[in-house]
Each structure stands twice: as structure tokens, then as C-alpha cells.
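**Q** Just dropping this structure here.
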Amino acid sequence: MSTGLKLAAAAAAAAIALSTPASAETLRIATEGAYPPFNFVDASGELQGFDVDIAKALCAAMEADCEITAQAWDGIIPGLNAGRYDAIVASMSITPERQEAVNFTEPYYQAGAVLVGPVESDIMPEPEALAGKLIGVQRASTYANLIEQRFPDAEARLYDTVENHNLDLTAGRLDGVIAQRIFMSNWLADEGEGYEMKGEAMLDPDILGLGAGIAVRKEDTELLERLDAALTQIMDDGTYDEINDRYFTVSLKPQR
Amino acid sequence: MNWQVMIDSIPRLLGGAAVTLQLVTLAALAGFAIALVVALARLNRNPLLWMPAFGFIFYFRGTPLLVQIFLIYYGLSQFPEVRDSALWPILREPWWCALLAFTLNTSAYTAEIMRGAIQAVPRGQIEAAMATGMSPLTRMRRVVLPQALRIGLPAYSNEVILLVKASSLASTVTLMDLTGVARTISSVNYMPVELLSMAALIYLAINFMLTRLFKLIEYQISGERRAAVRDPLMAAGLHNPEALQKAELK
Amino acid sequence: MFALQGFGPMLLQGTLMTIQVALLATFFGVLIGIVMALMKLSSSRVARLIGDIYTTIVRGVPILVLILLFYFGAISGVNALARAVGYTQFIDLSAFVAGTAALALAFGAYATEVFRGAFQSIPKGQIEAARALSMSRFTAFRRVSLPQVWRIALPGLGNIFLVILKETALVSVIGVEELMRKTEFAVGFTKAPFTFFLFAAFIYLGLTVVSMGVLQILERRANRGYAATGAQS
């Protein structure tokens, strides 16, 4: 039994060692990993995408070691505030609601929302046209708020990931989805045959926010300043444009 | 803990609990009917009957329910043939997909409980029934099944409670069940602990009431056994701890 | 045959993570189960009450809700506790630790009942004999009760293991990269949900079959010398 006890102690020690941060210098960054091409996991299990490359560039500019991990979207803000990681670089829109919980850097790209549906359908992003329609949207996203507030008569279906709502759109379970414009235009180009954007892109800064920012805890004001400085640096020295061109044909760079 | 948030969320969570109860009730009823067929097939000597039943039970007890739901919900819609079929109006609805997954899953577990209960009916009684000239069907209906019901009931009540708990997976395919509502509200107010704790309390309350309900049914249908409760052999048949243990686990 | 489109190694990693989570949850779950069973059997009313509350709550709440609660909630509790005892550094509970802990608690709640039954099945006379030989209560427990309890509890524990092995799929919801989560990554990439979820189902079936085999061997070993009365377990 004494070996059993030793084993238990060793396992407990290992569990604690596993869970304490490696060093104080390391910046822990969370992303989602299910939002191509902004953040996704490739076949070898590596995190890739625009957000991930931006995060790496910021770390290089700040001369910090970074550890980027994938997190479930609907727990990503509670995880930050619980101290699980120090920053979120995950295409998160800056909204007044989220600003009550966390602080954001200046936006690092601007997108807006779009409604996508089958080519033959005549749905439009208008309250009457969407009444009673089944619209897919990601749980805990600004687009879910947009449906609730602007299209209250639409029937929203909440998904854990955007990939799942697009799977269901192509399966014919939904009349349309509302999601981020650039994400959806990439999806339309790659695999969205038979689907198209409906109407104009929606900007609605009150609900959708002013663009995607990097979130940090309220009390981490020093980290926020360093991130903002690093952001300015990579936008000025061409790093941002280089990353932009890896993924998109248009520039996402926000006007400052 | 923000108590106000917890209290304010109760009406919406109860709305989710209604969806949970609806799914559980229908899955339990449909699952029970399927389980009876599967259990009888499993006990049959004909390999054409017992082998498919064995495979069905083995698959649904050997894989995670989450995989089963995702296979039915996201998996089947991969095929254009399914999307063009007559079943699509049903399979396109997350509610039906979740109900189908829960029904098949619980029927596999229930079938095993029934098999054990049917086999536990004393051999002598069946022989006695045969001796009085009962047909196999009458024997099943009048001697075996009524007793198997009594023997299997404690294990079955556990299975229903496991089903209540398993139904929380409906939230992974967009349904607004109790867990789905809790996750959705907390995604807006960033207070997951409050919402999930409240949901946990409601699950506890549901399971507590179900346990009571089954105890009542057990008491009602074991009329003549109540008299025999002092008989250790009878009691062992009814409350064999190991049989219970085996049956209550998923 | 399946075309895994290069996702084979990733799915293998996920499978190893699934096994790791299941084994760790089992290890801690067994420890919790023994402690809670002893509490439920103890003469202290408080200990019995704690044991009852634990099993009632954990067995009445969905494992998914437990996992989410642990992931979101336990971290503040643990750190408040750590600060209270003077430990200032921040303790992180990763999704892996939170998920495994929730599963260990669930395992423990079922294991409590198994161990309670097993402890009760040991004839009182044996303990009395050990005490008469002037063994302390702890020594009697360690040298007389515990070795026999393993043998009696093993089939029950094996069943719980098979349950927990499947429930590990739920930690994918909080982002632990086990088999299910890796499968979702592959689905996101290939848009072939049926292929990959079915593949995952077969891996789980395979793990179940292997576990059943191992459990049978363990049971046979534990029953050496009991062959004649094997029917009782």
C-alpha cells in the first residue's frame, strides 16, 4: 500500500506541476481554433491562421515568449478572467458588453456581419424578410446579439462553432447564417457553391463593435499598453501587411 | 456568487427543463418498447435474431453518446441521398435527431436490464407454466414479464435517471434544453458558475422526484412481496446489490 | 476502408489523450471512492452526511454540467483556497485538469457504492479476530479488509471504468484535445463528419473491447485461490 500512497503523492504533485505556469516571462494567449482562416488547427495539430500569425508577430515585437492554446469559444472570456491565459487573440469584436468584462486593444481588423443563404432563396437582412426564418449563428457571438436585437422575429439556432453552422447550412437545415463578412466570403469562395451573400454587409457598431481587438484582463493595464504599442509597430513595419496577404486578397487593416 | 442572477434565471431555466423532460419522457417510452423487442431477440436461440441484437447493444453501450448524436446529426447530413430522402424532414430537425439518439441509446441499456430480469425469473415457474399447458406467448405474458418487471424496476429507474443526465448533450446540437439555456445565458452575462449551479440544482430536483416516483411504483407493484420482505431469499432476489450495481452503470 | 486524409497521427494523439484522461480519472476516482465509502460506513454522523451529500449531488447532476462547472468555477475556488493558506502564486487549472477532476469525482461517486458494498461483505469475525490479535484498527483495515476488498470491488470498478472511458468524450466540449476534439478538427477540415465520427466510434469500441479483456485478466488474477467459491463474486 505504501507504494500506492507514493504513487498517489507523485500523481498529485504531477497534476499541480502540470498546471502551474512555466515561467513569469511567458505570455499565454488563447484563440479558438475553429474559425478558418483566422484561427484553425491543421492536419498536424498546429494552430494556424491570421489571428495566430498576428499573435506571434506581436510576441516577437514585444520580445516575449508566447504559448498559444485553443479554447472553447463560449468559455473564452471567463477563462481569461479566471487567469487561465493572459490575452485573447481570436477575432473577438470590441463591444460595450464585453468591455464591461475585459479591456481591449485598438482594433486589429474590421469586418462587419453578413447574411448568407442559398442562391435561390430571397431572404434579406431585414426584420420582415427574416421573420420565422431559421438562422444559424455562433453561441456567445456578437452576431447572436445582432439577430436578437435587429431581427427579433427570426428563429436563431445557436451553434458551438461557425463550422457547425456552415455544415448545417449546406445540409439544408437552415434558411441562412449570419456571421463575420470576411470569414463568410472566404467560405463562399472555397466551398460555398450555391450560396451567396444576401443584401449589404451590416456594420451596426452598437452591437457588432468597432472591429476585432485583443482582450486582456481589466487589471492588466501594462500588458494592454505593450500590446497596443506592438500592434502599432507591426502595422508600421510591414509585418501586418505580409500576414494579411497570406490569407486575404483585400486589406483588413483598420483606418486609424 | 451572484444570487440575484441565479434567481432571475430560474424562469428561463425552467423553460429549458421542460424541453429536457419532454425529450426524456419520449425517449424513455419509445426506448422501452424497442428494448423489449431487442431483449427478446437477444434471448432467442436463432442467430439471425440474437446476433443483430447483440451488435445493437454492443455498439450503443460501447460508444460515447456524444459520438452517437454527432453521427446522427452532422454525420447523416453528409450524404445527399439522406438529404433527398423522405426521412429528411425528420432528420433535419435537431430535436428529432437528439430524440432518436437518446431513444436508441437508452433502448440498448434497457434491453440488457430486461435480459437480466427475464433470466432471473426462476426456472421452476416456467416449468410449472409449461406443465399447465400455457403457450409460449401466454407464459411470457402471464408469468415471465410481470415478474421481470418487478425484478428489473430498480435498475430501470437508475437508467431513467442516467437518461435525464445524458439529455444534457442535446445542448451540443443547438437545442435549448436545461443545459443549453444555462450555457446560452452565461455566454451573454459571463456568469457561467451561477447559471450552471442553478441548472445543477434543477437536475437534482428532477432526479429526486423521479427517484420518489419509482419508489412509489415499486411499492405499488410488489404487493405480495411486501409480506415476504422478511424472507432473506426473496429480499436477495429483489435487492441483489451486485446486480443493481452492474445495471445502474452506463 | 477509411481515407483519413492525413489525420491518422492526430487521431492517434487524441486516442492517447483519451486513455490518459480515463486512467487518471480512474486512479483519483478509486481513492475518492475508498475515502467516501469509509466515511459512509463510519460511526460519525458528520462523515456519513458528507458522504451522502457527495454521492447524491454528483450522481444527480449531468457529467457535462459537472465538467463545465469545474472548468469555469473550480479555478476561482482553488485560488481562493491557496491564498487562504498563504500560497500566492496563481494556480492554473487547465481544461485537462478541470475535465479530469470532474470525471474523477463522477468515478468516485459510483465507486463509493461499490466499495461500501465490498467493505460490508467482509465478515465481521475477521476484523474481530485481527483486533483480538492486537492489530490496531488501521492495521486491521490495511492487512485484512483492503486486500479482500479489491477482489470483491473489481467487477464493479471495471464497469465504472467502461462508463468513464466513454464519458471522456465530454471533455472535448471544454477544449481538451482528446479523440473527440481531434475528430472535430478533422471534420472541420474535411467536411466529412460521417466518416470521422464513425471512425471515432470504432476507436471507442476498440478501447472498450481491450479494456474488457484487461479487466477479465485482472479479475482472474484477483480470484486466484478463490476458484472453488468463485460464484460469490
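Residue numbers (the numbering used here), protein chains in the order written: chain Y, 1 to 256; chain L, 257 to 506; chain U, 507 to 739. Built from N, CA and C at the ideal position, the CB exists for glycine as well.
Closer than 8 Å, CB to CB, is S341(L) near chain U or not?
**A** False, the Cβ-Cβ gap to chain U never drops below 8 Å.
**Q** What are the start and end residues of the beta strand (DSSP E) that includes G213(Y)?
**A** Looking at the DSSP string, the run of the beta strand (DSSP E) that includes G213(Y) is 212-216.
**Q** Which residue wins for smallest C-alpha separation from T232(Y), given the options L58(Y), G49(Y), A43(Y)?
**A** Of the listed residues, the one whose Cα sits closest to T232(Y) is L58(Y).
**Q** Give the single residue among D264(L), A422(L), G436(L), I374(L) whose Cα lies nearest to the Cα of Y159(Y).
**A** Nearest of D264(L), A422(L), G436(L), I374(L) to Y159(Y), Cα basis: G436(L).
**Q** Quick one: residues in its chain with C-beta nearer than 6 Å to the C-beta of G694(U), no 5 flanking neighbours on either side, listed in chain order?
**A** Cβ within range, chain order: n/a, list empty.
**Q** Using the C-alpha atoms, what's the distance from R98(Y) back to Q260(L)?
**A** Near 20 Å, if we compare the C-alpha coordinates of R98(Y) and Q260(L).
**Q** Beta-carbon of V323(L) versus every beta-carbon of chain U: anything under 8 Å?
**A** For V323(L), the answer is yes, since a Cβ of chain U falls inside 8 Å of its Cβ.
**Q** List the endpoints of the continuous alpha helix (DSSP H) containing E200(Y).
**A** Taken as a continuous stretch (DSSP letters only), E200(Y) belongs to no alpha helix (DSSP H), being part of the beta strand (DSSP E) at 195-202.
**Q** Check whether chain U comes within 8 Å of V429(L), counting only Cβ atoms and requiring the distance to be less than that.
**A** With 8 Å as the cut-off, V429(L) does not count as an interface residue toward chain U.
**Q** Per DSSP, which residues does I135(Y) bridge with? Please list them.
**A** Per DSSP, A156(Y), G176(Y).
**Q** Excluding sequence positions up to five away, which residues of its chain have a Cβ less than 8 Å from the Cβ of T142(Y)?
**A** Excluding sequence neighbours, T142(Y) sits near S93, T95, A113, I207, L208, G209.
**Q** Going by the beta-carbon positions, is the gap between A354(L) and A426(L) smaller than 8 Å?
**A** Result yes, Cβ atoms of A354(L) and A426(L) sit closer than 8 Å.
**Q** What residues of chain L sit near F703(U), judged by a beta carbon separation below 8 Å?
**A** Neighbours of F703(U) on chain L, chain order: V323, F326, L327, Y330, G331.
**Q** Using a threshold of 8 Å, state whether the C-beta atoms of L517(U) and T689(U) are closer than that.
**A** Yes. Within cutoff.
**Q** Closest to D175(Y) by C-alpha separation, out of P205(Y), E155(Y), A212(Y), L146(Y), would be which residue?
**A** Residue E155(Y) is the option with its Cα nearest to D175(Y).
**Q** How about A615(U) and I680(U): do their beta carbons lie closer than 8 Å?
**A** Contact flag unset, no.
**Q** What does the Cβ neighbour count give for G389(L), buried or exposed, with the cut at 16 atoms within 10 Å?
**A** It is exposed - the Cβ of G389(L) has fewer than 16 other Cβ atoms within 10 Å.
**Q** Counting only the same chain and skipping the five closest in sequence on each side, list residues whose C-beta sits under 8 Å from that of R268(L).
**A** Excluding residues within five positions, the ones whose Cβ falls inside 8 Å are V437, I441.
**Q** Answer yes or no: does any C-beta atom of chain Y fall closer than 8 Å to that of W259(L)?
**A** Cβ-Cβ to chain Y under 8 Å: no for W259(L).
**Q** What residues in its chain sit with their C-beta under 7 Å from that of Y240(Y), if we drop five residues either side in the sequence?
**A** If we look at Y240(Y) and ignore the five residues flanking it on each side, its Cβ neighbours are I234, K253.
**Q** Please identify the residue among A289(L), P448(L), L322(L) whose C-alpha is closest to the C-alpha of T428(L).
**A** Of A289(L), P448(L), L322(L), the residue nearest in Cα terms is L322(L).
**Q** First and last residue of the alpha helix (DSSP H) that includes V591(U)?
**A** Segment: none, V591(U) is in no alpha helix (DSSP H) and carries neither H nor E.
**Q** Should P36(Y) be labelled buried (16 or more other beta-carbon atoms within 10 Å of its own) or exposed?
**A** P36(Y) comes out buried.
**Q** Grab me the residues of L332(L)'s own chain with a C-beta within less than 7 Å of its C-beta, minus the 5 sequence neighbours each way, in chain order.
**A** Closer than 7 Å at Cβ, skipping near neighbours: V338, L347.
**Q** Tell me the DSSP secondary structure of M92(Y) in three-state form.
**A** In the structure shown, M92(Y) sits in a strand (DSSP, three-state: E or B).
**Q** To the nearest angstrom, how far is the alpha carbon of V444(L) from that of L544(U)?
**A** Computed Cα separation, rounded: 43 Å.
**Q** With a threshold of 8 Å between beta carbons, is G136(Y) in contact with chain U?
**A** No, G136(Y) lies away from the interface with chain U (no Cβ there is under 8 Å from its Cβ).
**Q** Between S582(U) and chain Y, is any beta-carbon pair separated by less than 8 Å?
**A** Yes, contact with chain Y.
**Q** Which residues in chain U sit within 7 Å of Y475(L), going by Cβ to Cβ distance?
**A** Within 7 Å Cβ-Cβ: nothing; Y475(L) doesn't reach chain U, min ~21 Å.
**Q** Measure the alpha-carbon distance for L500(L) versus F314(L) and round it to whole angstroms.
**A** Caution is warranted here: a pLDDT of 45 is assigned to L500(L), below 50, making its placement in the model unreliable, and no coordinate value can be reported.
**Q** Note down, one range per segment and in chain order, each alpha helix (DSSP H) of at least 4 residues found wholly within the stretch 374-452 of chain L.
**A** With a minimum length of 4 residues, the continuous alpha helix (DSSP H) runs that stay inside the stretch 374-452 of chain L are 379-387, 392-395, 401-422, 434-445.
**Q** Output the boundary residues of the alpha helix (DSSP H) element that contains L130(Y).
**A** Note, L130(Y): premise wrong, no alpha helix (DSSP H); not H, not E.
**Q** If you draw a straight line from the alpha carbon of T606(U) to that of K672(U), how long is it in whole angstroms?
**A** So the two alpha carbons sit approximately 13 Å from each other.
**Q** Using alpha carbons as the reference points, say which of V527(U), E634(U), G731(U) lies closest to T650(U).
**A** Checking the sequence, you will find Val at residue 650(U) rather than Thr. Taking only the C-alpha atoms, the option nearest V650(U) is E634(U).
**Q** What three-state label does DSSP hand R28(Y) in the structure shown?
**A** Note: R28(Y) maps to strand in three-state DSSP.
**Q** Which residues in the same chain have their Cβ closer than 6 Å to the Cβ of F38(Y), if we skip the five residues on either side of it in sequence?
**A** If we look at F38(Y) and ignore the five residues flanking it on each side, its Cβ neighbours are G49, F50, D51, S91.
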